Structures are given as structure tokens and as C-alpha cells.
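Novice: When the letters of the sequence shown are read in order and numbered with the UniProt record's numbering, they come out as residues 1 to 539.
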Amino acid sequence: MVGLGGKEGTMEKKMMVKQQLNNNHQNTPRFAPHSTLLLFSAAVFAILATTAAAQPFDYADALTKSLLYFESQRSGRLPYNQRVTWRDHSGLTDGLEQGVDLVGGYYDAGDHVKFGLPMAFTVTMLSWGIIEFHDEIAIAGELEHALEAIKWGTDYFIKAHTSPNVLWAEVGDGDTDHYCWQRPEDMTTSRQAYKIDQSNPGSDLAGETAAAMAAASIVFKKTNTHYSHLLLHHAQELFEFGDKYRGKYDGSVAVVKNYYASVSGYMDELLWAALWLYEATDKEEYLKYVVNNADAFGGIGWAITEFSWDVKYAGVQIMASKLLEKEKHKQHAHILKQYRSKAEYYLCSCLNKNNDTTTNIDRTPGGLLYIRQWNNMQYVTTAAFLLTIYSEFLQDLNQNLRCPAGTVDHEEILSFAKSQVDYVLGSNPMNMSYLVGYGSKYPTKVHHRGASIVSYRENKGFIGCTQGYDHWYNRAEVNPNVLVGAVVGGPDSEDNFWDQRDNYMQTEACTYNTAPLVGVLAKLLQLEENHELELLASY
1 MVGLGGKEGT
11 MEKKMMVKQQ
21 LNNNHQNTPR
31 FAPHSTLLLF
41 SAAVFAILAT
51 TAAAQPFDYA
61 DALTKSLLYF
71 ESQRSGRLPY
81 NQRVTWRDHS
91 GLTDGLEQGV
101 DLVGGYYDAG
111 DHVKFGLPMA
121 FTVTMLSWGI
131 IEFHDEIAIA
141 GELEHALEAI
151 KWGTDYFIKA
161 HTSPNVLWAE
171 VGDGDTDHYC
181 WQRPEDMTTS
191 RQAYKIDQSN
201 PGSDLAGETA
211 AAMAAASIVF
221 KKTNTHYSHL
231 LLHHAQELFE
241 FGDKYRGKYD
251 GSVAVVKNYY
261 ASVSGYMDEL
271 LWAALWLYEA
281 TDKEEYLKYV
291 VNNADAFGGI
301 GWAITEFSWD
311 VKYAGVQIMA
321 SKLLEKEKHK
331 QHAHILKQYR
341 SKAEYYLCSC
351 LNKNNDTTTN
361 IDRTPGGLLY
371 IRQWNNMQYV
381 TTAAFLLTIY
391 SEFLQDLNQN
401 LRCPAGTVDH
411 EEILSFAKSQ
421 VDYVLGSNPM
431 NMSYLVGYGS
441 KYPTKVHHRG
451 ASIVSYRENK
461 GFIGCTQGYD
471 HWYNRAEVNP
481 NVLVGAVVGG
491 PDSEDNFWDQ
501 RDNYMQTEAC
511 TYNTAPLVGV
521 LAKLLQLEEN
531 HELELLASY
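#1: When you compare only the Cα positions, how much space is there between Glu170 and Gly116?
#2: When we look at the beta-carbon of Phe462 and count the other beta-carbons within 10 Å, is it buried (16 or more) or exposed?
#3: Just checking: is the beta-carbon of Asp422 within a distance shorter than 9 Å of some beta-carbon in chain C?
#4: Considering only residues of the same chain and omitting the five flanking positions on each side of Phe121, which have a CB-CB separation below 7 Å?
#5: So, with DSSP's three-state summary, where would you put Arg74?
#6: Does Ala140 pass the burial test, meaning 16 or more other C-beta atoms within 10 Å, or should it be called exposed?
#7: Could you tell me which whole alpha helix (DSSP H) segments of length 4 or greater appear in the stretch 100-149?
#8: My parser needs the alpha helix (DSSP H) runs of 4 or more residues fully inside the stretch 400-469; what are they?
#9: Does Ile304 come out as helix, strand or coil in the three-state DSSP assignment?
#10: Any idea what DSSP makes of Asn369, helix, strand or coil?
#11: Comparing alpha-carbon positions, which option in Arg83, Tyr80, Gln73, Gly99 lies nearest Ser90?
#12: If you measure between the beta carbons of His447 and Asn360, is that distance less than 9 Å?
#13: Are the Cβ atoms of Asp135 and Asp204 separated by less than 9 Å?
#14: Would you check if the stretch 398-409 and the stretch 431-447 touch, i.e. whether three or more CB-CB distances between them fall below 8 Å?
#15: Please work out which residues of its chain come closer than 6 Å, Cβ to Cβ, to Val100, disregarding the five sequence neighbours upstream and downstream, and give them in chain order.
#16: Could you check what DSSP says for Ala193 in three-state terms: helix, strand or coil?
#17: How do the stretch 474-486 and the stretch 417-427 stand: do at least 3 beta-carbon pairs fall below 8 Å, yes or no?
#18: Do you know whose CA, among Ala515, Thr357, Asp111, Thr223, lies nearest Glu185's CA?
#19: Measure from the alpha carbon of Gly315 to the alpha carbon of each residue in Asn352, Tyr379, Asn355, Lys328, then state which is nearest.
#20: When the Cα atoms are used, what is the spatial distance from Thr407 to Asp499?
#21: Can you tell me whether Leu167 is helix, strand or coil according to DSSP?
#22: Taking the alpha carbon of Gly468 as the point to measure from, which residue in Glu458, Gly450, Met119 has its own alpha carbon closest?
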């Protein structure tokens, strides 16, 4: 977690500046000379105009829209306060064939399969964002929406975890789903559900779901104690299940292999889950698990240059390294320092500060981190998140990041994270916002079934599989529904982007692309507002 001292200090400073402005207002004579008022107004206008020119991005609008996206991806019976009105109820019989209630949860991207692993990672990242940037999200007025986004996922996980050693891993399958281009409200594709259990293990899926529920239990600890305890109970059971019956989930659920295969294996997820359970419970047994398995599970062996729904090592390493500064963890310093070394390898590779250039992450000519062709933005948003929280960590400790190719201070780290977010929002050679619905130019032909077909609420006439392809998928026109807040796959290695519905590598969006952005956008918004207040106070 971010040290409370630094966080409280920032918020206290903001309140002090506001108070100073209030005091200045109170001390001004009621009938001040017009010339003074005009000068003051002109100065304020000049300051705000200068700030606006230096910062062209509306982080508040981007934050609001990023949370709207999760409502577009909802499966199940939609609530009365649903804000994305072109969507309607769907998947209402999920789990019925298997005798379980699996209604709810999220569709991962532009299709209608509910994949457990990326859904759980999405919830973990949303929760981590609130844990780190709770006050910033609250001040922006988006805390309730962020909590709703998390709870929509965790409510589903509670349903999917039907007994201590059973977790439903997936509803639907990608193969049959991809034969159809339909709205979720019209689905005629298979809703077969698949599970992991002690005979068919899935330690990676169990571990990530445990991490999501443990992280969410921290989020709800003060506002919904009973729910927090329930989530923690499920998290502990899932971790025990995943650890006792070890195996990769794609070995048990074969239909997932072409879509979300667990390439990194399950050891990173077990370390990840144990760390989140330690954060949620403060029980030494979970920390010892992370320490004792550090070498055997690759936690201090793997030097990684990506953080994603599949590969959790960088997240594990950063969380573990932040424990090093606490006195009660000094007995584990030898291992935690090795975790920190690997964490900083990841950060230095993002910052282009490793000596061996082949170990630095590539960048496009426009400055975007570039890892691979298919849905590259997922790696950009997770990198921006980890860089941002580590920048705060170093600021609290008054330390710098020492990379092989030079020392970097916390401001430079945050500045680079900001550059990646700004690229997403439109500061790029295409002048394109890759956050759909934000700015004046954004993708209009997103590869997304529901967004590309007339809204069910507008036209309830049934649209079949081939009809969807013939009349909607192949249309030259823009999508009838805007998938607000979605982060699409993004440009290629040369900053080129083709806004075409069949260009799924670039125009499909995923929940785990947007989830890491929520906290970072709130942080950037707070910094922007603080800067404006300080300028006003200095006047």
C-alpha cells in the first residue's frame, strides 16, 4: 500500500490551499475597488488559461468515461441505475444447464464469453486502483461508480465459487461465439459452463480470483464490513484450493487455450494471491509463503518486461518490494531486496534505463511503450499504473530509482507514466484518442458486437448469427452505439491505426485495458487541480 503519511500530506496540503483561498476571500472588503477585482480576475484567468494550455487533457472526463465502460460490459440482469442505456439484460440462464446460478459478471471484450481469468485480473486492478488512490477517486466524485464496477465482478465470483474446491471458470466458449455476430441480448450461442475442481485443477485461475476477492475485501472493509468478510472468506478458500491442488487451468478447461492460455503458469498467481491475502489479513503465514517460495516460484528469478492478465510477476515484485521499508519485515530483508531488484528491472526497462538496450521495452516513434502487435494498450495501461504507484512510493521515502543507465527521481517516473496516459488520450501522431468517447477523434468502428448493432432497447427484433455479420459487421458506417470508456488495442509499432471493425488486433477493447487507468487518471486529475490551486495561492 502507499504510505499513509505521504497520501495524507498531499490531501492536507490541498485543504490548506483551499482554506487559504477562503481566508483571502473573507479578508477582502465587501465593496473592493473594481480595479482590484478586475486585476484579480484577469490574473486568475491568465493562470487558468496558462494551465489549460500546458495541460490539454480533461482527466476528470476521462475518469468518468473509463468507469462507464464497465457498465457496457455487464452480463446478467441490469440494475435500475444502469447508465449505459443501449444495453439490456443478457445471459439470464447462464449456469442453468449445470444447475448453478452464473448470471452476472463481465464480458471480457467484444464477444460474449465470460472468461474467469481476465475478469478476475480486471477486478484486482480496479481494487488496487481504489486502494492506492481512494481519496483522489472520491474527490473526483467517482468512488461510488468504481465500487459498483468492482462489486459487479465480485458478486459473480461469489456465485462461481460454489464450494471450497470448485470454481466455475468460464461461461460460453470462444469457438462457437466467434461464429456469431449478435447483440448479447439475442445470444443463441452455447452457454456451456466449465469449472475447475480438485480433479481438474486451475491454480492460476483460483489464485487470481483469490487476489481479486482479497483486494476487494480491503476496498469494502470500512463501508461494507459483512461483504468484506465474505470476500475474504472466499479468497482464503480459493487460495488454499489453488495451492493444494496445483495445475494450470487451461489444462483442465481446454476451450480456453486459444483465447486466454496461461503461458506464465500458476506460480505467479499463487504469489500474487498470497501477497493480497497478507495485505488483507496481516497474517504472517501469507508473507512467509511469499518469502519461502520466492525462488522456487520465480518471484526473485524472473526479470519481466510486461504486466498483464497472464503475467503477474512485475506486480508481485513491486508489492513485495514496498514491504521492505516496514520495520516488521526486516527479518525478510534479504529476500525482499531481491524482489525489489526485479521490480526495478521492470521499471527501468519501461524508462529505457537498462544498459542492455535489448532489455528495454521498445517504443513507437511517438513514444508509446510497445510490446506486441495484438492489443498492445493492455501493457501500456498496466505499466502506467505500476510506474505511478512506485513514483509515490519513492516520493514518500525521499528516494530515487537507481537504474543501470542512470538514476531517476519520482517526478521523472510520474512524468513518463503521464506521457503514456496522454498518448492514450490523444497526444500521438494520429491525434487519436484510444479511449473511446473521449475527445473529438476516437475509434468509431470498435470491434464489439453490442456496440456495432442497433440497440436492443431501440429495436427488439431478433438479429441472428449470420444476419449480424451480413448487415452489421460488414457495414461501412460507424457503430450505432459508442462504447464509451473502452481502451482499444491501439496503434502498431509505427503509431499507425486503422479504424476498421475487422481489425480486431487494434480496434477490440478489453476490460483489463481500462481497469488500470482508473486510479492513474484520478491521480493525474488531483495533481492538475493541486497545481492550479497552488498557482492561485501564490498570487
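For glycine and all other residues, C-beta sits at the position ideal for the given N, C-alpha and C. Computed from a prediction, not measured in an experiment: that's the story for all the values here.
Specialist: Checking against the coordinates, here is how it stands:
#1: The residue given as residue 170 occupies position 170 in the sequence shown. The residue given as residue 116 occupies position 116 in the sequence shown. C-alpha separation (whole angstroms): 6 Å.
#2: Numbered from its first residue, the sequence shown carries residue 462 at position 462. Answer is exposed; the Cβ neighbour count stays below 16.
#3: This model lacks chain C altogether, as it is built from one protein chain only.
#4: Position 121 of the sequence shown, counted from the start, is the residue given in the question as residue 121. The answer, listed in chain order, is Glu208, Trp309, Tyr512.
#5: Here residue 74 refers to the residue found at position 74 of the sequence shown. Arg74: strand per DSSP, three-state reduction.
#6: By one-based count along the sequence shown, residue 140 stands at place 140. The residue in question, Ala140, is buried, as its Cβ has 16 or more Cβ neighbours within 10 Å.
#7: 116-139
#8: 410-425, 449-452, 465-468
#9: As a first step, residue 304 must be located in the sequence shown, where it is residue number 304. The answer is coil: DSSP assigns Ile304 none of H, G, I, E or B.
#10: Taking the first residue of the sequence shown as 1, we reach residue 369 at position 369. Looking at the sequence itself, residue 369 is Leu, so the reference to Asn does not match. Leu369: strand per DSSP, three-state reduction.
#11: Taking the first residue of the sequence shown as position 1, residue 90 is located at position 90. With distances taken between Cα atoms, Ser90 lies closest to Gln73.
#12: Here residue 447 is taken as the residue at index 447 of the sequence shown, counted from 1. Here residue 360 is taken as the residue at index 360 of the sequence shown, counted from 1. No. Outside cutoff.
#13: Locating residue 135 in the sequence shown gives position 135, counting from the first residue. Locating residue 204 in the sequence shown gives position 204, counting from the first residue. No; because the gap between Cβ atoms is not below 9 Å, this pair is not in contact.
#14: no
#15: Along the sequence shown, one-based indexing puts residue 100 at 100. If we look at Val100 and ignore the five residues flanking it on each side, its Cβ neighbours are Thr162.
#16: On the sequence shown, residue 193 is found 193 positions in, with the first residue counted as 1. Strand.
#17: no
#18: Walking along the sequence shown from the start, residue 185 turns up at place 185. Comparing Cα-Cα distances from Glu185 to each of Ala515, Thr357, Asp111, Thr223, the minimum goes to Asp111.
#19: As a working mapping, residue 315 is identified with position 315 in the sequence shown. Answer by Cα proximity: Tyr379.
#20: Position 407 of the sequence shown, counting from 1, holds the residue named residue 407. Position 499 of the sequence shown, counting from 1, holds the residue named residue 499. Cα-Cα distance, rounded: 40 Å.
#21: For the purposes of this step, residue 167 is taken as the residue at position 167 of the sequence shown. Correct three-state label for Leu167: strand.
#22: By one-based count along the sequence shown, residue 468 stands at place 468. Gly468 has its Cα closest to that of Gly450, out of Glu458, Gly450, Met119.
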